[in-house]
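Enquirer: My questions all concern the structure below.
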Amino acid sequence: MSVDDVRRLKSEADEPGWEVDPDDDWGVAVVATVGRQLRLRREAVGMRAAEFGGAVGYGEDMVYKIEGGKRIPQPEYLDRADEVLGAGGLLSAMKEDVKKVRYPKRVRDLAEMEAKATEIAVFECNSVNGLLQTPEHARALFEAAQPPYSPDDVERMVAARVARQSVFERDPAPAISFMLEEAPLRRDVGGTMVWTQQLERLLEVGRLRNVTLQVMPTRSDAHPGLDGRIELLKFADGTAVGRSDGAFNGRPISDPRQLHTLELRYGTIRAQALPPRESVAFIEQLLGET
C-alpha cells in the first residue's frame, strides 16, 4: 500500500459524532458485542488490523477502537467488513441495532413511541417541530445553543432528529397533525438557502394525505398553547401518551383525565389556527418572499 493510500484511510476526524455515550448502558453493550464479533471474525481469517483496515478503507487505529467498543461502526463499515471477512451477511445484519446506538436514549425512546403511534398530534410554539426539520435547519439550531455543543454532538443530534422522520414512511401511515406558530416560520434560520429548503419541506409534508398542517397567525387572540409545546401520541390498543410544556410539570403523562386536559387545549388551538388549505397557501406566500 502506498503512502497516498494510507493517507486516504478514514480516521476519527472523517466521522464525527460516532462516539459511544458511556452513560448509555444498552448502547455500550451493543457496540462492545459488535466490536468483539468483528475482531473474532478478523482473527479467524488471519488478517492483521492494519491489513483489514486497508481493505475496508479505515486506519488501523480506527479498527482497534471499533473492535474495542470505543467507536460506533458506520453501516458502510459493517457492509464492507462482512464482504472482506466472508461473514455471509451476519455482520451486515447488525446495522439496525448499531444505527440506534448513535442516537441519545431519550430520542430512541421517543422514536420508538412515534413508530408505534396510530395518531400523532403536535403543537409547536417557538420552532419548527423536529419531525419537519431539514438536516440543515436542525444543524443551525443545534449550533446556536449556549453553551455550545461539540461538533460530534451536533452531528449525532442531527442524525437522530432526521432518523425520527422515518415515521412518514410507515405503512400503514399514522394520522399526523402539526400546528405551528407563524413567528418561527418567519425566522430565517441558517440563512436564505437553508430557510427556503425548510419552507419547501413544510409544503412537501403538508401535502401528504395522512398529514394535517396548520399555522397559528401571530395576530390571533390568546390561546392555551402560549406556554409551549403540546404532544399527543395515541396507540392501537387505545392507550395514549402526552406532554405539554405548560402542564403537569412538562412530564409525560398517560392518565386519561390528564390526557383529556391536553386534548381540550389542543382542540382549542386547532380551532383558532388557519385551516389546512389556508395554512399551505400562507407557507407558499412566505416561500415567495424569501
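Take the position in the sequence shown, starting the count at 1, then add 702; the result is the number in my numbering. Backbone N, C-alpha and C define an ideal beta-carbon position, used for all residues, glycine too.
1) Which of the three DSSP states is assigned to Lys797 in this structure?
2) Taking the straight line between their C-alpha atoms, what separation do you get for Thr836 and Gly748?
3) On the three-state DSSP scale, how would you describe Leu976?
4) Please report the distance separating the alpha-carbon of Gly654 from that of Gln900.
5) May I have a chain-ordered list of the alpha helix (DSSP H) segments no shorter than 4 residues that lie completely inside the stretch 761-816?
6) Given 8 Å as the limit, is there contact between the stretch 786-804 and the stretch 867-887, that is, 3 or more CB pairs closer than that?
7) Let me know the secondary structure DSSP gives Ala877 once reduced to three states.
8) Give the C-beta separation of Ile971 and His925 to the nearest angstrom, bearing in mind that I take them to be a contact with Cβ-Cβ under 8 Å.
9) What do you get for Glu816, buried or exposed, if any count of 16 or more other CB atoms within 10 angstroms of its CB means buried?
10) Do the stretch 785-797 and the stretch 861-871 touch if we need at least three Cβ pairs shorter than 8 Å?
11) On the CB-based measure, 16 or more other CB atoms within 10 Å of its CB, does Val897 come out buried or exposed?
12) Run through DSSP, which three-state label would Ser852 get?
13) Report yes or no: do the stretch 765-772 and the stretch 734-750 share at least 3 C-beta pairs separated by less than 8 Å?
Expert: Looking at the coordinates:
1) helix
2) 44 Å
3) coil
4) Residue 654 lies beyond the stretch modelled for the chain, which goes from 703 to 992, so this question has no answer here.
5) 762-769, 777-787, 797-803
6) no
7) strand
8) 5 Å
9) buried
10) no
11) Residue 897 is actually Trp in this sequence, not Val. Answer is buried; the Cβ neighbour count reaches 16.
12) coil
13) yes
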